[in-house]
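Using our numbering, read the sequence shown as starting at 7 and increasing by one per residue.
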Amino acid sequence: MMLTLFLAHRLEQSEAKLAQARFAQVAHHHMQLVEEMLYGQLRELGALARYIELEAHLDRSRFQQMAATTNRFDVAAGWVQNVPRSQLDNYLAAMHATYGPSFRLHHPPDSVNIPLATEVRLYPVTYLTANLPNGFELGADVRLLPERRQAFNRALATRQTALLPLTSDLGTVEGAGLLLIEPVFRAGTGEGVTERHFGNLRGFVYLHVDLGGLIKAAMTSPLAIDDLPTREIPDIQLQLLDIGIEQTPLELYRNDSAVPPSPGPIRYSREIPVADHLFRLTAFPENPQSWMTGSNRQVALVSGTLMSVFAALSVFMVLQQRQRAERRVEHRTRELQVANAYRSGLLASAVDVAVIATDAEGLITLFSTGAENMLGYRAEQLVGQARPQILHQAEDFSLWQQKLSDQLGHPVPANEVYAAAIEARHHKSQHWVYQHRNGEPRQVQLTLSTIRSETDDVLGYLSIGIDLTDYVRAIEALEHSDQLLKDLSAEVPGMLYQFLMRPNGSSCYTFVSDGVEKVFEVTPVEARNSVKALYDRVHPDDKSSLFKDLDVARVELTPWVSEFRVQLPSKGIRWLRGEAHHRTLADGTLVSNGYISDITNIKQLELRLREQATIDPLTKTFNRRHLNAQWPQAVARYRRTGLPVSLIMLDIDHFKAINDTYGHSTGDDVLVRLSWLLNQAIRSTDLLYRFGGEEFLIVCEDTDLDGAKTLARALQEQLRTSQMPHQEHVTASFGVTEVVPGETMETALKRLDDLLYRAKRNGRDQIASSHPPDGTATWPRLPTSTSTRPTNGD
């Protein structure tokens with residue numbers, strides 16, 4: 007009986023240990039998916055911060071393209087801009103142009119009641135992609151919330167991602183979230199603490215993640231239940247605690263059950279570091295008894311009472327079987343951990359990569375989210391009903407079928423093409439052509455592998471496809487552009503190169519084309535013998551940003567594209583454009599293949615085009631296109647300050663007679679001389695425009711009608727006394743008016759044009775002016791009068 011009792015007790019312990027092992031196996035699998043999704047949000051935030059740092063002029067549409075979020079759970083992405091008080095007017099003008107006059111700066115709810123007008127710097131939410139409870143609103147100054155201000159300060163001080171747990175307004179774990187914050191500095195800012203100051207800070211980018219939605223998405227993911235028997239997936243309860251910074255753990259998530267988890271024999275915990283916080287994720291079964299297989303203890307006791315020796319021997323044999331089963335479970339657990347690590351990596355790229363699995367007969371058994379996005383089909387349309395050949399372009403699939411048949415020496419059926427490609431060693435990174443459901447071809451880099459059982463039987467085939475369509479189109483466009491440049495000018499300098507960086511830190515150019523002599527004024531031999539020979543030519547102001555871009559591209563194996571300047575001994579400063587692609591060899595050596603070309607002419611052309619767009623080529627004054635761009639700013643300043651804006655238009659009298667008598671060349675000289683005289687007479691804040699022919703317009707800010715008439719009389723007298731290139735004096739007719747609040751540019755110019763022609767009709771060499779039309783409201787004026795102004799200088 008003592009032996010029976012001992013064996014029954016050991017049997018019960020073994021069953022409990024086996025239940026704990028099964029539960030730990032399933033819980034660990036789910037926790038890995040939760041952890042990978044949290045790290046995925048960190049990667050999304052880091053990529054968004056890098057995009058913004060490289061984007062010199064960020065607008066709303068560009069931000070929304072870069073900040074596209076998942077639709078599996080609620081995520082809000084936002085851009086918080088660093089706005090110094092001195093730039094607040096420009097910032098508000100840009101926001102009103104983007105969102106309309108409804109945009110305003112305000113305090114967030116429950117914020118510190120500090121007047122915004124006293125802040126040296128403001129940190130408003132500038133762009134958003136979604137809204138969540140407890141989230142920010144457009145225009146809210148986020149640093150006025152004490153806890154969130156501390157999180158933003160941590161991100162700024164460390165230049166790393168800062169995390170802030172967010173609880174719901176109800177004080178419960180329902181609706182909790184995570185706020186991930188990363189600072190964005192100006193491109194080229196160094197890593198030192200002294201360089202991370204407010205002047206170099208562009209702002210903060212953040213992600214507000216619905217924590218409950220993220221965990222539920224991970225728990226309901228297809229990978230969360232893959233390869234696990236249905237009977238081993240009862241309802242698992244999860245609890246998430248923040249144990250990183252506060253002394254008292256903060257509960258952030260718990261399943262819908264309102265009762266906190268109580269200690270029990272079956273549970274599993276794991277600590278997850280996320281940004282600057284540490285979380286503890288604990289799993290426990292809703293019904294612990296469901297994990298127990300049923301105890302044979304009572305049977306053993308009864309049997310031991312009737313037949314002690316026989317029962318003891320039977321229980322001992324069962325115990326041995328349990329131990330073997332336990333070892334098999336542990337072995338299976340290790341195998342699943344390895345498989346889960348692979349699935350976690352696959353999950354991170356599932357949105358952009360097509361993963362398709364088939365059984366041994368060729369029927370599709372798995373069709374990933376990335377495959378759905380790439381090809382336009384839904385998984386339920388294909389799984390168990392179709393074979394992969396319907397996804398391929400018919401012509402390309404036939405070519406592969408014929409190629410494999412010729413290589414293997416026997417016909418290859420359509421449903422065996424994947425197996426034949428693996429047999430013929432075409433299973434790694436081969437170029438195939440998929441066809442989207444709408445008929446569009448998709449260029450794909452396809453990797454094939456065989457799925458085998460523990461006994462090495464073939465269970466099916468796995469294909470992993472990376473979409474290269476956009477890349478191929480870009481390469482074709484680039485090749486077309488390069489060919490066009492070669493046809494237009496055979497003298498355009500350019501060089502091709504291959505660069506190696508070895509694990510021990512040494513590097514060299516294995517190939518440099520002869521074009522390096524034109525681009526860097528260095529011979530190919532000098533470049534191959536010394537990497538420093540090329541780096542020394544880079545302009546000192548561009549070295550930091552250039553080398554930073556190169557390091558990022560090499561570490562992340564992404565294409566490198568940069569424009570930078572070099573200082574050459576004979577040609578001086580030149581603009582270059584470099585592009586390269588990177589790959590890693592088996593020994594860890596990094597190989598970079600690329601080319602660098604001289605784009606100085608293109609840069610100079612851009613500068614000339616910008617100048618020609620807004621500058622009159624004869625008089626070097628502004629043209630009407632510049633006025634169209636500046637008018638909204640002048641009106642906005644008028645509204646903001648109350649200081650008036652006046653317009654003066656003048657037209658040279660009898661200018662046609664000058665052209666007819668002395669020729670058009672002399673007429674042009676008169677226009678140039680007149681524009682010089684006008685520029686000397688007006689203030690630096692006034693703007694001079696040539697409106698075509700012999701008409702000129704002066705926009706006078708901070709000047710009312712009386713002040714503008716004073717300036718017009720001074721200009722009229724100066725023209726009467728100033729000698730022109732044809733040795734005679736000229737006169738001009740003037741129209742003067744003050745801008746009416748709220749009127750359009752066309753209305754103001756029409757009134758000004760009418761005044762100018764009134765001066766012409768009255769005998770020329772006259773000044774015609776008018777006050778704003780009767781009944782039109784005027785803006786309130788500042789206490790200081792602006793009616794009197796100097797006629798020249800500042």
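Ideal placement from N, C-alpha and C gives every residue a C-beta, glycine not left out.
Treat the numbers as computed from the prediction; the structure is a model and nothing was measured.
In the structure shown, Leu-552 falls within a helical segment according to DSSP collapsed to helix, strand and coil.
When DSSP states are grouped into helix, strand and coil, Gln-772 belongs to the coil group. Between Gly-183 and Asp-216, the C-beta gap is smaller than 8 angstroms, which places the two residues in contact. With 16 or more other Cβ atoms inside 10 Å of its own Cβ, Tyr-467 counts as buried. Considering only Leu-186, Ala-103, Val-525, the residue with the shortest C-alpha distance to Glu-50 is Leu-186. For the pair Leu-556 and Val-572, the CB atoms are not nearer than the 8 angstroms cut-off. In the DSSP assignment, Gln-636 falls within the alpha helix (DSSP H) that extends over 630 to 647. Distance check between Thr-620 and each of Phe-570, Arg-696, Ser-776 places Arg-696 closest, using alpha-carbon atoms only.
Tyr-515 sits buried, since 16 or more C-beta atoms from the chains shown fall within 10 Å of its C-beta. In the three-state scheme derived from DSSP, where H, G and I count as helix and E and B as strand, Gly-209 is classed as strand. In the structure shown, Phe-191 adopts extended strand secondary structure according to DSSP, grouped into three states. Excluding sequence positions up to five before and after Asn-768, its CB lies within less than 8 angstroms of the CB of Ala-774, all in the same chain and listed in chain order.
For Gln-504, the enclosing beta strand (DSSP E) covers residues 500 to 507. The stretch 428 to 443 makes contact with the stretch 387 to 407; the number of CB pairs closer than 8 angstroms reaches 3 or more. For the stretch 544 to 612, the full-length beta strand (DSSP E) segments reaching 3 residues or more read 566 to 574, 578 to 590, 596 to 604 along the chain. Bridge pairing for Ser-275: Thr-288 [DSSP]. Distances from the alpha-carbon of Val-359 to those of Gln-451, Arg-334, Asn-444 put Gln-451 closest. Taking Ala-539 as the centre and dropping the five residues before and after it, the same chain places the C-beta of Val-528, Glu-532, Ala-533 closer than 7 angstroms to its C-beta, in chain order. Inter-residue distance for Phe-316 and Leu-9 is about 11 angstroms (C-alpha atoms, whole angstroms). Within the model, the alpha-carbon separation for Ala-103 versus Tyr-57 is close to 23 angstroms. Measuring C-alpha to C-alpha distances from Ile-370 to each of Asn-379, Tyr-383, Gln-391 identifies Gln-391 as the nearest. Of all alpha-carbon atoms in Asn-88, Gln-156, Ala-157, the one lying nearest the alpha-carbon of Glu-125 is that of Asn-88.
Per DSSP, Glu-527 has no beta-bridge partner at all. For His-34, DSSP assigns no beta-bridge partner whatsoever.
The beta carbon of Arg-149 sits closer than 7 angstroms to those of Tyr-129, Arg-155, Phe-158, all from its chain and outside the five residues before and after it, given in chain order. Across the set Ile-658, Ala-480, Leu-13, Ala-136, the C-alpha of Leu-13 shows the shortest separation from the C-alpha of Leu-325. Tyr-515 has Phe-505 as its beta-bridge partners, per DSSP. Residue pairing by DSSP places Ile-428 in no beta bridge whatsoever. Here DSSP, grouped into helix, strand and coil, assigns Met-323 to helix.
DSSP links Met-72 through a beta bridge to no other residue. For Met-655, DSSP records a beta bridge to Leu-703, Gly-741. Separation of Glu-386 and Ile-396 (C-alpha to C-alpha, rounded to the nearest whole angstrom) is 15 angstroms. Note on the stretch 81 to 110: whole alpha helix (DSSP H) runs with a minimum of 4 residues are 94 to 105, in chain order.
For Asp-365, the uninterrupted beta strand (DSSP E) segment begins and ends at 359 to 365.
Exposure of Glu-612 is indicated by the presence of fewer than 16 other C-beta atoms within 10 angstroms of its C-beta. Segment contact: the stretch 594 to 601 against the stretch 651 to 661, fewer than three CB-CB distances shorter than 8 angstroms; contact not assigned.
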